[in-house]
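A short worksheet on the structure shown next.
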Amino acid sequence: MDQQIIASLIQDSRRSYAAIGKRVGLSAPAVKRRVDALQQTGAVKRFTAEIDQSVLGWNIEAFVELHCDGGLSPSMMRTMAAEIPEVTDAYTVTGEADGIFLIRAQNTSHLEDVMVRIREWKGINHTRSSVILSHL
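Below, the structure written as structure tokens:
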């Protein structure tokens, strides 16, 4: 039952408890209690909106691999990601790269500016970027 409620919230986090209840066979108050419980346990962390960035003029997305020297910790990468607003997601990874950032930019010039700012951070040896052509 909780999985069905979560699936419904993933599809539309603004869907009413009554609408979710109709889909899963519960009353609106019962759905609310379950959603509250899911929030209490941490299973549901937050409710968000999916934004079409291109409508807002953010037309370029790129994955940027961070290749660091040994002195750049994950917490420092987290700080860097928080200080660069164009970074929308950040990950530590295995393999040749130490981390990967997902960048959103308005155009290639803006992306280049973001890349320069990333490379200026102490501990970044080099980066490698891959511009996203399409979402599948």
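Be aware that the sequence shown starts at 206, since it is given in this note's numbering, and climbs by one per residue.
Don't be surprised by glycine CBs; every beta carbon is placed ideally from N, CA and C.
Being a predicted model, the structure only gives us computed values, none of them experimental.
Classification of M282 by the beta-carbon crowding that lies within 10 angstroms, buried from 16 upward: The residue is buried, with at least 16 neighbouring Cβ atoms inside 10 Å.
Same chain only: Cβ atoms within 6 Å of I305, ignoring 5 sequence neighbours per side: F268, E270, Y296 and V298, listed in sequence order.
Helix, strand or coil at V319 according to DSSP, with G and I counted as helix: Residue state, collapsed to three classes: helix.
Whole-angstrom C-beta distance between I308 and V319, which should lie under 8 Å: Cβ atoms of V319 and I308 come within 8 Å of each other, at about 6 Å.
W263 versus H315, E301, P234 and H331, residue with shortest Cα-Cα distance: Closest by alpha carbon: H315.
Identity of the residue in I215, E317 and E325 nearest T253 by Cα: Taking only the C-alpha atoms, the option nearest T253 is I215.
Nearest to S335 (by Cα), restricted to the options E325, D217, T313 and L277: For S335, the nearest C-alpha among the options comes from T313.
Residue of R228, E266, D303 and I211 minimising C-alpha distance to D274: Per the Cα distances, D303.
Segments assigned beta strand (DSSP E), at least 3 residues, entirely inside the stretch 250 to 280: The beta strand (DSSP E) runs lying completely inside the stretch 250 to 280 and spanning 3 residues or more are 265 to 273, given in chain order.
Cα-Cα separation, D241 to S221: Taking the Cα positions, D241 is about 14 Å away from S221.
Test item: CB-CB of I256 and Q311 under 9 Å: Cβ distance not < 9 Å, so I256 and Q311 don't count as in contact.
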